[in-house]
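For reference, the structure is listed below as structure tokens.
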Amino acid sequence: MTMVEFAEQLSETEQAIRETAHRFAAEVMRPVGQKLDRLTAEEVIAEGSPLYDVHRQYRELGFAAMRTSTQDLSPAEAARIRSIVANEMGWGDSGLGISLGASLFPPMVAAMVGNPELAEQFTTEQIGCWAITEPDHGSDEVDFNAAASATGADRGRPNCIARKDGNSVVINGQKSAWVSNGTIAETAALFCGYDDGSGGELGHAVFLVDLKDQGVSKGKPTDKIGQRSLNQGEIFFDEVRVPLGNMAVGPEKYLDFVDAILCMANGGMGGTFAGVAQAALDHAVAYAKERVQGGVPIFEHQSVKARLFEMFRKVEAARALNRQVVVYNSTTTRPRLELAIASKVTSTQTAFEVASEAMGIYGGAGIMRDNPVEALMRDARISMIEDGCNDILGLIAADRL
Amino acid sequence: MTMVEFAEQLSETEQAIRETAHRFAAEVMRPVGQKLDRLTAEEVIAEGSPLYDVHRQYRELGFAAMRTSTQDLSPAEAARIRSIVANEMGWGDSGLGISLGASLFPPMVAAMVGNPELAEQFTTEQIGCWAITEPDHGSDEVDFNAAASATGADRGRPNCIARKDGNSVVINGQKSAWVSNGTIAETAALFCGYDDGSGGELGHAVFLVDLKDQGVSKGKPTDKIGQRSLNQGEIFFDEVRVPLGNMAVGPEKYLDFVDAILCMANGGMGGTFAGVAQAALDHAVAYAKERVQGGVPIFEHQSVKARLFEMFRKVEAARALNRQVVVYNSTTTRPRLELAIASKVTSTQTAFEVASEAMGIYGGAGIMRDNPVEALMRDARISMIEDGCNDILGLIAADRL
Amino acid sequence: MSMVDLPEQLGETEQAIRETAHRFAAEVLRPLGAKLDKLSAEEVIAEGSPLYDAHRQFRELGFTTLRSETMELSRADTVRLRAIIAAELAWGDCGLALGLAGSTFPPMIAHMAGRPDLGEQFTSDQIGCWAITEPDHGSDQLDFDGSISATGMDRGRPNCIARKDGNSVVITGQKSSWVSNGTIAETAALFCAYDDGGGGEMGQAVFLVDLKDGGVSRGKPTDKIGQRSLNQGEIFFDEVRIPIGNMAVGPEKYATFVDTLLCGTNAGMGASFVGVAQAALDHAVAYAKERKQGGVPIFQHQSVKARLFEMFRKVAAARALNQQVMIYNATAPKPRLELAIASKVTSTQTAFEVASEAMGIYGGAGIMRDNPIEMLMRDARIAMIEDGCNDILGLMAAERL
Amino acid sequence: MSMVDLPEQLGETEQAIRETAHRFAAEVLRPLGAKLDKLSAEEVIAEGSPLYDAHRQFRELGFTTLRSETMELSRADTVRLRAIIAAELAWGDCGLALGLAGSTFPPMIAHMAGRPDLGEQFTSDQIGCWAITEPDHGSDQLDFDGSISATGMDRGRPNCIARKDGNSVVITGQKSSWVSNGTIAETAALFCAYDDGGGGEMGQAVFLVDLKDGGVSRGKPTDKIGQRSLNQGEIFFDEVRIPIGNMAVGPEKYATFVDTLLCGTNAGMGASFVGVAQAALDHAVAYAKERKQGGVPIFQHQSVKARLFEMFRKVAAARALNQQVMIYNATAPKPRLELAIASKVTSTQTAFEVASEAMGIYGGAGIMRDNPIEMLMRDARIAMIEDGCNDILGLMAAERL
């Protein structure tokens, strides 16, 4: 009943990668995640924080590189491994898992658009981030056909705009408090408004930005109720000048590109939180078999068993859906966002329900700060909001049915 | 664990009325309801059908009169008794309960507007109906502030319009297939578009109509999956002329009046389906204590007990909410529709969930046509749609939060 | 949005087979199922009933003998194809699909037991059945380790016993009303108690029985609320004598054999009810896009979209789980029953929830007998009970966590 | 939409008392609770903590001595007023509200047991506690008839025993980490095993104990994930000698007494968590009307409205059930524990669901530590465990159906 005993037949390569990932999750991520959970948002990112060791070790194990290149694997194999690794990362610590994943955005964007110059400059050696949401634009930032808009809603002006100026682009404005790795990132994949100077309507584009550039500043790290090991925070741009060549995706291809990115991001969240759900289930089963009340383990209670089965069933379904969706979207010519969203919503909701049930299985011990399941519940609850509120994502997906 | 052992202290009068209602429900409504469930929609309303006996006996017991006058009771007592009687009717047979309730609409409207002439003509001796929904206007017929409208929706023209012509009103058009008692009613409380001849915008008004009048015809009785003892069907009006005095509510007071009626109708549904839920629970508990598998009643299974408790808890909450809402709305100066809707939605959803769970408790026996719970599930499912889809009602209620 | 448009990349052969199955489901099973649903249990099986055409046509399609060796597919791909076919057939009509599947039990058992001799006698040209549950033993018939027993429970005496008598076996007793194809089957795979005459404790064994043998009689066909196109009913044995060679599985291998078989049947139910859920979803999406209220399709309502997405998401998860489980169990050294049960419970529950939600989407039209949804809801509800109540299966599965 | 605007018609006195409670909750409890939530468990109870001011101010309000005779209210109205006050206080902060309520246990027990002499010694001027659960006996401590026991379970030895010794009783052992006010209480209502020295089987009894007595020591305050303003912790007894007269309830009356008490405490929890659910709903509605996205308040989103209604509906049902149960149990000849449990389970589950949904309504802002919602979710989650796990309470209640 741990991640290793999955309901799947894996090839030897896959098996080996999973084992490495699992060991990393169990031995590095989980203890560090528990430690960071108790620190303030500032302490989490202070110099010398174990957060940075996790990033370093992750790179050394080659996962970073693996997630930005496909090596010799078939697309289906590579996709399956991505899903498996995401499961393991979430099982270890979802906050760290997301931090590690978000860090790869700039090189991943460079790889996706096939731009070797940018790929050379924006590597997995730096901590990266995905700067997309803005103070006045949350989940609706990804809702291009206004599937989720109320009557009479008007999108309003972007909070962050890049203006063409000869061979440069000048960026002004800010990204929201929910940018993952926002206040520690060295590089950013910046998705923002784009003014090409023609006087026409504003477009959108993607830029890779070195955040050590002049004019960049950061906000206070966000003080969240869960995923406390994940740094989030604002990035401010004040006349930040980058070469025009840093535009990875121009206005005309922006929509398709964001669609592809959202397929990946939602698939990644689906993988991560299937792992969180599994972690909660593992804890609950172990506790139920170990905790004795009145002479027998509480596992012997028929009603405890019925609840454990319900949790098990949901975890298996969430993981199976994620695997199928990630493989499908990586091997088809036309990835389907509605499937990726189905996986994100299913996994995050499952993780929350299972973690909450796990607390119930722990009983009185479940309300203690030092039990492992309450943090999982907090982590899972906010995953239903981050990277797009589930409700809004659902409306976006429904539009494609 | 039957309706008699309710979680309430009742006065002697209330106790006596409940007992009469319970006996009527158990001895008359339930057996007739089961019989009608097997007949075709045509057979249900054929001459000599026991359906008419139920109406007759209901009148004789004085319930009809009770529901249209308040006698010597305080408003709170009268309201509580209405809620209790609705519970019992639903517990007996919800289709018949709704038929009996809908039958009272014309005299009830006459009483509410304080019009003695109409009250004398439209009595509880006739089978009445509430003719409001139209083919192109279902639940939205009750959504006056467009709380539930999609962007750009346009209500369109009513299917049924009454036109002023001197001292008469001439009615043309039709009401939908979901009018309760539609094809058997002798009288109708007709809610429809009203053209006062001034050439201005169309209003709405309420008329009491004798359906034996020239020009009235009926559709085929609706063939429904549940509540088969309840006749529903279309009413067609072809130049039907009624005196202007039959206008019970004019355009200027229409909205307030419909609001009040909806408070009553939703409260009545809430009471009826709390009774349906109780019926399903009673069956399940009795069966669990009686059905022996492997030497012990299945009630001894911990997981069966846990499920029965969950059902019990929901039934009690649905009933308590209904009681509180009905009493509140009958004693306040400003009834709150959002509360009435909360009760309707809670009771119908509870009835469906509890009936479905009851089928599970019955196990293999639950899938047989001759078990009593499957009909309850069918009855309950359509209650979530009738008298306003729960989803749309929820949007209407939310607008008032 | 139809079964063909799903997250699987299929090879050409597989695609062709799926299309055949889909066409058969759409053109033969669905209209026939709707027709049989309206008939009495007796009429469904009367001579000349189109039910028998369905069996004949199905045999001609050759699905029953689908083996990987004949198609040059990997084991995993073959199993996935089976899952797809099962879903397609049940998408047409689940009662018929289950009847067709149940029919192949005797030859399937012969194959699984490595008894080609019996396979020659018991072929898929006859209508077969799986005779296991008994009046006093329902889902607990499948619970070998007593994991679901209440305190102090005693299994009691079997209702059907095969007694060794020289080179023959003499069978006496009965099987329950829930034997699929029970009253029309020509052959049976009989799972029952076995008395070897040694005087020790009774074991259990599997026999293949020709039901035209002297001493076999049948009960009345069961009158069920759903899956009415599926015949079920009792089989009575009065001193039925068969050769000892008809024992396909003896007492010592019985438990392991049933375990393997249950892995298959639960996964089969899982696959079938993915199809039912998909059918309900397809209807709902099509209706929402077509049905206009106030000038716009109800699909434009944000709350309708949110509900459709939720349905879509659940169907996708149920399917992913089912396929993953089937592939795992077919390729792992040891199949895991808890996974198969997870799939059965998830699919049947999903089918019920989605069908019920689909009724809500249909609104008033959903309560009509002639809409396609209400039958799906009835069909799905009893699937949560048949082939093992979900609750009991859950307890059996939990035992293995 | 606030606690004042609810479906109760209150008299002037009642209205005034409610307003006092509401003001105290809004002005004292809520800000204090938010402040204590951020402190360590030790800091919460340190000398000079504002926690003690809350206790003092609460005493001055006089709620603790609310009796019907002093207000000329009927018994039913008095009880309803208690339910309202409990909801109001918990609407402010449930941790503080439970601490205040727990504090009155010793004088309440004296009153219930008809021991005015003890009532004089154990007054509401001291901080009291209810010491019942033990390390090896949690929710099962309340299960007298063994209804929740697994097969073959044996209750084991109590952790705390009072031994008769002449005119004294000598107490040895400990109570669990979940005793509310455990480490700050000055007095205790101790429920424990009682050895009368007769050599027979041990019974159980209730003692009022002055915790300043020699031999009493305390554990560390429990570090909980929610209700952090509520102190909980162990109490150790090492040969603590008290007069035999401090036995408030002897072994023969113990079971009945605890039953009555549980009716009260479960209903009290039910009332309190109605308040928590209402607090979450109030926050969510206010936020939805104020928070703009794309120029319109998110309240204008149909899907937001649908969710708010669902929350509203659940809160209304939980409150109606709670009030009805409290009135019934206070006026019926014999209170029914299953009703009180139904209310506790419904209210705590509702509070959790509504708080979690409220987080969703807040979106990104909901995951921030400084929003008021996340604390409510944590508070509500542990309420489903404290004072008896909901699952176990459900089994106890089911036994009485």
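Protein chains in written order, with the working numbering: chain A, 853 to 1253; chain B, 853 to 1253; chain C, 96 to 496; chain D, 96 to 496.
We treat Cβ as the ideally placed atom computed from N, Cα and C, and that holds for glycine.
Fair warning: this is a prediction, and the values are worked out from it, not measured in the lab.
At what residues does the alpha helix (DSSP H) containing residue 259 (chain D) begin and finish? For the purposes of this step, residue 259 (chain D) is taken as residue 164 along the fourth sequence, with counting starting at 1. That residue, residue 259 (chain D), is in no alpha helix (DSSP H); its beta strand (DSSP E) goes 255 to 260.
Taking CB distances under 7 Å as the criterion, tell me whether residue 1080 (chain B) reaches chain C. Position 228 of the second sequence holds residue 1080 (chain B). Not an interface residue.
Against chain C, does residue 1164 (chain A) count as a neighbour if the rule is that its beta carbon must be under 7 Å from one of theirs? Position 312 of the first sequence holds residue 1164 (chain A). For residue 1164 (chain A), the answer is yes, since a Cβ of chain C falls inside 7 Å of its Cβ.
Is the separation between the beta-carbon of residue 326 (chain C) and that of residue 480 (chain C) shorter than 7 Å? For this step, residue 326 (chain C) is matched to residue 231 along the third sequence. For this step, residue 480 (chain C) is matched to residue 385 along the third sequence. No, Cβ-Cβ distance for residue 326 (chain C) and residue 480 (chain C) is not below 7 Å.
Simplified DSSP assignment, three categories, for residue 319 (chain C): In the third sequence, residue 319 (chain C) corresponds to position 224, counting from 1. Reduced to three states, the DSSP call for residue 319 (chain C) is strand.
State the Cα-Cα distance for the pair residue 1133 (chain A) and residue 1234 (chain A), rounded to the nearest angstrom. As a first step, residue 1133 (chain A) must be located in the first sequence, where it is residue number 281. As a first step, residue 1234 (chain A) must be located in the first sequence, where it is residue number 382. Taking C-alpha positions only, residue 1133 (chain A) is separated from residue 1234 (chain A) by approximately 19 Å.
So what does DSSP say about residue 152 (chain C), is it helix, strand or coil? Indexing the third sequence from 1 puts residue 152 (chain C) at position 57. It is helical.
Quick one: which residues of the region 481 to 492 of chain D get their C-beta closer than 9 Å to a C-beta of chain A? List them in chain order. 481, 484, 485, 486, 487, 489 and 490
Taking beta-carbon pairs under 9 Å, can you tell me which members of the region 302 to 318 of chain D lie near chain A? 317 and 318
Is there contact here, the region 272 to 286 of chain D with the region 294 to 303 of chain D, by at least three beta-carbon pairs under 8 Å? yes
Spatial neighbours of residue 799 (chain B) within its chain, please: CB distance less than 7 Å, with the 5 preceding and 5 following residues excluded, ordered by chain position. A question about residue 799 (chain B) goes unanswered here, because the residues of chain B that appear run from 853 up to 1253.
Taking all protein chains shown into account, decide if residue 1171 (chain A) is buried (16 or more other Cβ within 10 angstroms of its Cβ) or exposed. What you label residue 1171 (chain A) is simply residue 319 of the first sequence in a count that begins at 1. Of the other Cβ atoms in all chains shown, 16 or more fall within 10 Å of the Cβ of residue 1171 (chain A); this residue is therefore buried.
Opening and closing residue of the beta strand (DSSP E) in which residue 960 (chain B) lies: As a working mapping, residue 960 (chain B) is identified with position 108 in the second sequence. In the DSSP annotation of this structure, residue 960 (chain B) is not part of any beta strand (DSSP E); the continuous alpha helix (DSSP H) holding it starts and ends at 957 to 965.
Going by DSSP in three states, residue 163 (chain D) sits in which element: helix, strand or coil? The residue labelled residue 163 (chain D) in the question sits at position 68 within the fourth sequence. Confidence at residue 163 (chain D) is low in this model, with a pLDDT of 49, below 50, so the placement of that residue is unreliable and no value is reported for it.
For the candidate residues C:323, C:272 and C:293, whose alpha-carbon lies nearest to that of residue 315 (chain C)? By 1-based counting over the third sequence, the position of residue 315 (chain C) is 220. Checking every option, the nearest Cα to that of residue 315 (chain C) belongs to C:272.
Measuring CB to CB, does residue 222 (chain D) end up less than 7 Å from residue 279 (chain D)? If you number the fourth sequence from 1, residue 222 (chain D) lands on position 127. If you number the fourth sequence from 1, residue 279 (chain D) lands on position 184. Their beta carbons are under 7 Å apart, which means residue 222 (chain D) touches residue 279 (chain D) by this criterion.
Proximal chain C residues relative to residue 1247 (chain A), where beta-carbon distance stays under 8 Å: Working through the first sequence from its first residue, we reach residue 1247 (chain A) at position 395. Neighbours of residue 1247 (chain A) on chain C, chain order: 397, 400, 401 and 404.
DSSP has residue 1093 (chain A) in a bridge; who is on the other side? In the first sequence, the residue the question calls residue 1093 (chain A) occupies position 241. For residue 1093 (chain A), which the question treats as bridged, DSSP gives the partners A:1022.
Secondary structure at residue 307 (chain C), three-state DSSP: helix, strand or coil? Your numbering for residue 307 (chain C) matches position 212 in the third sequence. It is coil, neither helix nor strand.
Return yes when the Cβ of residue 452 (chain D) is within less than 7 Å of the Cβ of residue 406 (chain D), no when it is not. Translated into positions along the fourth sequence, residue 406 (chain D) becomes position 311. Translated into positions along the fourth sequence, residue 452 (chain D) becomes position 357. Contact flag set, yes.
Which whole-angstrom value is the C-beta distance of residue 439 (chain C) and residue 491 (chain C), which I expect to be below 8 Å? On the third sequence, residue 439 (chain C) is found 344 positions in, with the first residue counted as 1. On the third sequence, residue 491 (chain C) is found 396 positions in, with the first residue counted as 1. Between residue 491 (chain C) and residue 439 (chain C) the Cβ distance is about 11 Å, and since that is not below 8 Å, they are no contact.
Anything in chain E within Cβ reach of residue 1243 (chain B), meaning under 8 Å, just list it in chain order. Absent from the structure is chain E; the protein chains it does hold are A, B, C and D.
Can you grab the Cα-Cα spacing for the pair residue 971 (chain B) / residue 1109 (chain B), in whole Å? Mapped onto the second sequence, residue 971 (chain B) falls at position 119. Mapped onto the second sequence, residue 1109 (chain B) falls at position 257. Taking the straight line joining both Cα atoms gives about 17 Å.
Would you say residue 419 (chain D) faces chain B, with C-beta separation under 7 Å as the test? Residue 419 (chain D) sits at position 324 when you count from the first residue of the fourth sequence. Yes, its Cβ sits closer than 7 Å to a Cβ of chain B.
Residues of chain C with CB under 8 Å from residue 1137 (chain A), in chain order? Along the first sequence, read from residue 1 onward, the residue named residue 1137 (chain A) stands at position 285. What residue 1137 (chain A) touches in chain C: 496.
Please classify residue 1066 (chain B): is it buried, with 16 or more other beta-carbons within 10 angstroms of its beta-carbon, or exposed? To locate residue 1066 (chain B), count along the second sequence from 1; it is residue 214. So residue 1066 (chain B) ends up on the exposed side.
Limits of the alpha helix (DSSP H) - the one that residue 66 (chain C) falls within: Examination of residue 66 (chain C) is not possible in this model, given that chain C is present from 96 through 496 alone.
For residue 497 (chain C), which residues in chain A fall below 7 Å Cβ to Cβ? Any question about residue 497 (chain C) goes unanswered here, given that chain C covers just 96 to 496.
If you compare alpha carbons, which of B:955, B:953, B:952 and B:975 is closest to residue 963 (chain B)? Here residue 963 (chain B) is taken as the residue at index 111 of the second sequence, counted from 1. Comparing Cα positions, the closest option is B:975.
Option in C:156, C:360, C:124 and C:178 with minimal Cα separation from residue 200 (chain C): In the third sequence, the residue the question calls residue 200 (chain C) occupies position 105. Nearest C-alpha to residue 200 (chain C): C:360.
Using a cut-off of 9 Å between C-beta atoms, extract the partners of residue 1148 (chain B) located in chain D. Looking up residue 1148 (chain B) in the second sequence gives position 296. Within 9 Å Cβ-Cβ: nothing; residue 1148 (chain B) doesn't reach chain D, min ~12 Å.
Within 10 Å of its beta-carbon, does residue 930 (chain A) have 16 or more other beta-carbons around it, so buried, or fewer, so exposed? In the first sequence, counting from the first residue as 1, residue 930 (chain A) sits at position 78. Buried, by the Cβ-count rule.
is_contact[residue 872 (chain B), chain D] using C-beta, thresh 7 Å: By 1-based counting over the second sequence, the position of residue 872 (chain B) is 20. So, not an interface residue.
Output, in chain order, the set of chain B residues within a Cβ distance shorter than 9 Å of residue 176 (chain D). Position 81 of the fourth sequence, counted from the start, is the residue given in the question as residue 176 (chain D). Under the 9 Å cutoff, chain B gives no residues; its nearest Cβ is about 15 Å from residue 176 (chain D).
From D:269, D:346, D:436 and D:425, residue whose alpha carbon lies closest to that of residue 313 (chain D): Within the fourth sequence, residue 313 (chain D) is the residue found at index 218, counting from 1. Closest by alpha carbon: D:269.
Would you check if there are 3 or more beta carbon pairs closer than 8 Å linking the region 395 to 402 of chain C to the region 205 to 217 of chain C? Counting C-beta pairs with one atom in each stretch, the region 395 to 402 of chain C and the region 205 to 217 of chain C have fewer than three that are closer than 8 Å, which means they do not touch.
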